[in-house]
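S.K.: First the structure, which I've put down as structure tokens, then a few questions once you've had a look.
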């Protein structure tokens, strides 16, 4: 697989610094029950990298000590880490909000039949990947039968109250294009999703997050293989909006890999661009460290977060 990393390290992206840390985004491992063409972490059923119990305990210790508001759990399929449920329970007992970046097919996977009920009991916020509301597009991007299993998973969540007004159970979906284009306006696409899923499947959800695909890992390799890399980067750079710099996710978030090493964001983690530019930093080194005001490690891929309406783990940055 061709690698875009050498092309992304040198950049003229504007310097940015950290604000107050409020979110700890934790990659619990690269194991996943499916393998997607756009996946920027190369996750899949054959990956064996998983966060161990010692590192899980360190994550919880850091979150409590630093008054973290949100624990953002990702993967792979984070629920496939054996320590997932214990981590969620402990965080919720400490009044830390937990966000699960969930591939909804995991909810109907054998052995995970009670997962949706567990998430509801713990009032975990669900961010479910749903790259399109049309079956052909989803199966083309994620594999045959994934759309039907995703719909079944979303129905399980709806039956428990997720996505319904005043239920206290938040269900947000994620869209990202499987092509070298920018996502359409988030507000318009949200309504399209809501209309289609309600009409065809009686499914409801709260918000839709629109994300631009980053030119890294599998998607980056496809760009290089098809000769689209230069054009896509030109698209991102030409659509740069300076106002988005104020609200990019890396200003209030740090990303932790399955070994406990720290990065400015999930994309930097996949590019092996550590928190400090000269060495890897472990979470254990930051228990008493002040992060606010520190420089953020940037690269060419950062234009993906600031193009057009902007893109972050929480969707568009501007209307």
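In the UniProt record's numbering, the protein residues as written are 1 to 319.
We treat Cβ as the ideally placed atom computed from N, Cα and C, and that holds for glycine.
A quick note: this is a predicted structure, and the numbers were derived from the prediction, not measured.
Once DSSP output is grouped into helix, strand and coil, what is the label at residue 261?
M.R.: Looking up residue 261 in the chain shown gives position 261. In this structure, residue 261 counts as strand in the three-state DSSP scheme.
S.K.: Would you list the one or two residues that DSSP bridges to residue 205?
M.R.: Locating residue 205 in the chain shown gives position 205, where the first residue counts as 1. Per DSSP, none; premise fails for residue 205.
S.K.: With distances taken between CB atoms, is the gap from residue 13 to residue 303 smaller than 8 Å?
M.R.: Here residue 13 is taken as the residue at index 13 of the chain shown, counted from 1. Here residue 303 is taken as the residue at index 303 of the chain shown, counted from 1. Yes, Cβ-Cβ distance for residue 13 and residue 303 is below 8 Å.
S.K.: Would you mind working out which of 259, 175, 210 sits nearest residue 48, comparing C-alpha positions?
M.R.: In the chain shown, the residue the question calls residue 48 occupies position 48. Comparing Cα positions, the closest option is 259.
S.K.: With DSSP as the reference, please indicate the residues paired to residue 23 in a beta bridge.
M.R.: As a first step, residue 23 is located in the chain shown; it is residue number 23 there, counting from the start. Residue 23 pairs with 70, 253.
S.K.: Could you check what DSSP says for residue 302 in three-state terms: helix, strand or coil?
M.R.: Taking the first residue of the chain shown as 1, we reach residue 302 at position 302. Helix at residue 302.
S.K.: Measuring straight from C-alpha to C-alpha, what distance separates residue 10 and residue 214?
M.R.: The residue you call residue 10 lines up with position 10 of the chain shown. The residue you call residue 214 lines up with position 214 of the chain shown. In a straight line, the C-alpha of residue 10 is about 16 Å away from that of residue 214.
S.K.: Look at the alpha carbon of residue 60 and the alpha carbon of residue 107, and state the distance between them as a whole number of angstroms.
M.R.: Here residue 60 refers to the residue found at position 60 of the chain shown. Here residue 107 refers to the residue found at position 107 of the chain shown. Rounded to the nearest angstrom, the two C-alpha atoms are 25 Å apart.
S.K.: Answer yes if the stretch 223 to 241 comes into contact with the stretch 198 to 206, meaning at least three C-beta pairs across the two stretches below 8 Å, and no otherwise.
M.R.: No contact exists between the stretch 198 to 206 and the stretch 223 to 241.
S.K.: In chain order, what residues of the same chain lie with their CB nearer than 7 Å to the CB of residue 296, ignoring the 5 residues before and after it?
M.R.: Indexing the chain shown from 1 puts residue 296 at position 296. The answer, listed in chain order, is 16, 17, 18, 250, 264.
S.K.: Where in the stretch 144 to 225 do unbroken runs of the beta strand (DSSP E), each at least 3 residues long, occur, reported from the N-terminal end onward?
M.R.: Runs found: 171 to 175, 208 to 210.
S.K.: On the three-state DSSP scale, how would you describe residue 100?
M.R.: Here residue 100 corresponds to residue number 100 of the chain shown, with the count starting at 1. Correct three-state label for residue 100: strand.
S.K.: Rounded to whole angstroms, what's the CA-CA distance from residue 153 to residue 105? Just pull it up for me.
M.R.: Here the question's residue 153 lines up with position 153 in the chain shown. Here the question's residue 105 lines up with position 105 in the chain shown. Roughly 6 Å separates the two Cα atoms.
S.K.: Under the rule that 16 or more other beta-carbon atoms within 10 Å means buried, what is residue 29, buried or exposed?
M.R.: Your numbering for residue 29 matches position 29 in the chain shown. It counts as buried.
S.K.: Where do the ends of the beta strand (DSSP E) carrying residue 125 lie?
M.R.: Against the chain shown, residue 125 aligns to sequence position 125. Per DSSP, residue 125 belongs to the beta strand (DSSP E) from 125 to 129.
S.K.: DSSP on residue 295, reduced to helix/strand/coil?
M.R.: As a first step, residue 295 must be located in the chain shown, where it is residue number 295. Strand, per DSSP.
S.K.: With respect to the alpha helix (DSSP H) encompassing residue 268, which residues constitute its N-terminal and C-terminal limits?
M.R.: Walking along the chain shown from the start, residue 268 turns up at place 268. That run of the alpha helix (DSSP H) goes 266 to 270.
S.K.: For the pair the stretch 112 to 128 and the stretch 177 to 188, tell me if three or more CB-CB distances fall below 8 Å.
M.R.: No, because fewer than three Cβ pairs between the stretch 112 to 128 and the stretch 177 to 188 fall closer than 8 Å, the two stretches do not touch.
S.K.: By the three-class DSSP mapping on this structure, what secondary structure does residue 239 have?
M.R.: By one-based count along the chain shown, residue 239 stands at place 239. Here residue 239 sits in coil by DSSP.
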